[in-house]
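Start counting the sequence shown at 1; every next residue gets the next number (UniProt numbering). Take a look at the structure set out below.
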Amino acid sequence: MSKYRGANFNTTLVFSTRKWKRFTKRRNPDSLREMNMIRPGPRIPTLLSKRFYLRSRKLRNTAKNCRYLATEPSEGFLAKLKENCPNIESQIGSAEQISLPDNSVKNVVCAQCFHWFATDVSLKEIHRVLIPGGKLIMIWNHKDWSVPWVEKIEDILNEYYKGVPRALNYDWKTVVENFKGFAFNDHKILPGVHFQGPSDAIIAHYSSLSVIASLDPTSKAAVLDKIRSIIQEADLAFDNINIPMKSEMYCCHKE
C-alpha cells in the first residue's frame, strides 16, 4: 500500500525538468490558477521529477500553501534534491510508477517534460491517480521560431534531434489523442520567460543541449561556429542578446 494514501482531491502532482526553473522565475502555481487550469486548494502536494534543480527560495515562498512529494529517477540527482531541500519529501520514482493510490489527485502538471514519457504506460498511470474529471496539464517553454535568426539556429539543431523525443514535433499529442481516457479541453500560448544574456552565455546555452553536448569536440565546435555566425549576421548586440520565448500549455481531463 502506498505511504501517500493520505493524498486528497486537492492534490496536484508536478513532473518537471531543470528548464522549468526559467518559467518559475516569473511564474508560480498561481499562474495556472489565473488561467483557470488549477483551482486553489488548502493542500497541494507536488511531485517533481526528471532532474529538476530545485531552488530553495522559491520553495520557501510556496511551502506555506503546498506540500511537496518530489520524485527523481536518478539516485545522484535525488541526493542533490535532498541536499538542496531537506524539508521536502522525496523518493526514487517516475511517471511510469507513481506512489499514490487510485483517484487521489486533482491535477497532474508535466512541465517541460511530457514528450520524454509520452507512452500508454505513463498515461495509464497518470489516469489511475487522477480523480474523475481530473486534469492533465502539459507545459513547455519554446523559443519563438517566427524570428528569422532563431529559426535558422533551430534548422541546424533539427539535424541532430533525429530520433530524439521533442515537444516540437507533437508526437506526444498524438499519443494522448489516441489514448482512451483523456480529452483535450484547453490550449493557451503565453508570452515566454525572459531569456537574455551576452553572446557567450547564449552560445553556452546551445552548447549545453544534450544533442550538442554529446558530440565529439570537433563536431561540437563546428555546430557552435554556425550558431555564432547566425548571431553575428543578425546584427544583435553581443553584450545583451534576447532569445524570444513563448510558453505553450495544453490541458486535458480524465474521462
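The C-beta atom is built at its ideal place from N, Cα and C for all residues, glycine as well. Since this is a predicted model, take the numbers as computed values, not measurements.
Residue i classed as buried or exposed, judged by whether at least 16 other C-beta atoms fall within 10 angstroms
i	result
L100	buried
K135	buried
A111	buried
L209	exposed
I189	exposed
L221	The sequence given here places Ala at residue 221; Leu does not occur at that position. So A221 ends up on the exposed side.
Beta-carbon spacing of residue i, residue j below 8 Å
i	j	result
V150	V129	no
D186	C251	yes
I241	P198	yes
G181	H127	yes
Q97	E75	no
A183	E255	yes
V211	Y161	yes
V176	L236	no
S219	A213	no
Top-ranked residue by Cα proximity to residue i, from the options
i	options	result
I230	K173, G93 and I156	I156
I137	P217, G76, H115 and P148	H115
I108	V193, N87, A79 and I131	For the record, residue 108 in the displayed sequence is Val; it is not Ile. The residue with the shortest Cα to Cα distance from V108 is I131.
P73	E89, P86, N84 and A95	A95
V121	S219, I189, N178 and S214	N178
F238	L168, D216 and I202	I202
N158	V223, D102 and P86	V223
Q232	N103, I153 and N87	I153
A234	V147, L215 and N87	V147
Cβ separation of residue i and residue j, assumed to be a contact under 8 Å, to the nearest whole Å
i	j	result
G163	H253	Contact doesn't hold; Cβ gap of about 32 Å is too wide.
residue 263	S90	The chain is shown from 1 up to 255; residue 263 falls before or after that span and cannot be answered.
Cβ-heavy atom distance, residue i to the ligand MN, below 7 Å
i	result
I202	Looking at this structure, you won't find the ligand MN or any other ligand, since it has none at all.
Task: Three CB pairs or more closer than 8 Å across the region 132 to 145 and the region 227 to 246 - done: yes
Open item on the list: Assess contact between the region 210 to 227 and the region 107 to 124, defined as three or more Cβ pairs (one per stretch) separated by less than 8 Å. Is contact present?
Closed with: no
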